Every structure is written in C-alpha cells, then in structure tokens.
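A.B. asks: The sequence shown begins at 76 in this note's numbering and counts up by one.
All residues carry an ideal CB built from backbone N, CA and C; glycine is no exception.
Predicted, not measured: the structure shown is a model, and the values here were computed from it.
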Amino acid sequence: MRARHFITSLVLAAACTAALAQDKVVYHVNDAQGQALATLRNIRNHLDTDPTAKITLVTHAQGVDFLMEGAKDRNGGAYAAT
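(1) To the nearest angstrom, how far is it from the Cα of V104 to the Cα of Q137?
(2) Which residues in the same chain have their Cβ closer than 6 Å to the Cβ of T134, if we skip the five residues on either side of it in sequence?
(3) Pick from A78, D98, T83, D106: whose alpha carbon is nearest that of D140?
(4) Mind checking T114: buried by the 16 CB within 10 Å criterion, or exposed?
(5) Leaving out the 5 sequence neighbours to the left and right, which residues in its chain are closer than 6 Å to T131 when beta-carbon positions are compared?
In structure tokens, the structure reads:
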C-alpha cells in the first residue's frame, strides 16, 4: 500500500513539474534594419513551436524604429505584414 502511495505521489509530482515548466524568452533588438525582421521570424517560429511561451521583446536605440506606425523594412515591405 505504501509503495502505491509513493508511486502515485511521484507521478503527481512529475505532472505538476511538467505543467509548471514554461519557456520564458527575451528577444533583443537594437538595430531595426539589421535585426527586426529576423527577430520577428524567430518569435513567430518560437510561438509556432510553443504557443504558451512567455516572450518579451526589448528594443532601444534604432531598434524601436520598426515599431513605429508605417515602418518599412529595407526592401520596402511593412513590418505589420510580418
């Protein structure tokens, strides 16, 4: 009987640990022309693989340019379409 309780508790503990495990990722962009498009694709791929991932995007300097309304990449495409 004790063995059954022990095994049950191990299974429950493993299930709880798996449920608590979640990706937490920070992506960093400091140059919109060189990094933004690739970063957005990486974020999309990451979310396709793990939709529950907690993703934070940090931008500064010229990295904020792609967040502005109407911003375009070096090929003239809108970042909003990405």
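C.D. replies: In short:
(1) For V104 and Q137, the distance between alpha carbons rounds to 8 Å.
(2) Taken in chain order, the residues that qualify are V104.
(3) Considering only alpha carbons, the answer is D106.
(4) Answer is buried; the Cβ neighbour count reaches 16.
(5) Around T131: V101.
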